[in-house]
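Quick note on the working numbering: the sequence shown kicks off at 2 and runs consecutively. All residues carry an ideal CB built from backbone N, CA and C; glycine is no exception. One structure below.
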Amino acid sequence: MTYRFTRTVGFKSIASMLEAMPTCLKIVEHITKDWKMEAHLMAPTLGGHPGRVVFVVNCDDLNALQDAQSSSVKDKKYLTLLGKLSVHIDGTMTNDQTWKILV
């Protein structure tokens, strides 16, 4: 079974989004290399507000995903990256979901 965690993040403005993209890429790189999980960054193509991205993490083990999320509060590099990203984020547009892939 594969699980997919998504975090949709909305930015204060398109300018903020452009400034934040290098940090977003570093977060995905960190999750991939340090947490050893498949991670992606997606941007909208059609529909909805363009000033947002979705962080996607795929994992075969839901417990491993939850463990990684729990451990993230102790991960200094991850927390530093989130701090850099936070100045660009509109918190009212942030949404987390975990999905189970059926087919």
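Proximity to residue i [Cα-Cα], best of the options
i	options	result
Pro-51	Glu-39, Ala-16 and Asp-62	Ala-16
Ile-28	Gly-11, Ala-69 and Lys-78	Lys-78
Leu-19	Thr-33, His-31 and Leu-86	Leu-86
Lys-34	Ser-71, Val-58 and Gly-49	Val-58
Residue i, buried or exposed, once every other Cβ within 10 Å from all chains shown has been counted against 16
i	result
Val-104	exposed
Met-43	exposed
Trp-100	exposed
Val-88	exposed
Val-10	buried
Ile-102	exposed
For residue i: DSSP bridge partner residues
i	result
Gln-98	Thr-7
Asn-59	Arg-5 and Glu-39
Rounded C-alpha distance that separates residue i from residue j
i	j	result
Pro-45	Ala-21	16 Å
Cys-60	Lys-13	30 Å
Cys-25	Ala-40	11 Å
Leu-47	Thr-81	32 Å
Val-54	Phe-6	14 Å
Tyr-4	Asp-62	7 Å
Asp-91	Asp-68	27 Å
Pro-23	Ile-32	14 Å
Arg-8	Phe-56	5 Å
Gly-84	Val-74	12 Å
Backbone secondary structure at residue i - three-state DSSP
i	result
Val-54	strand
Met-43	strand
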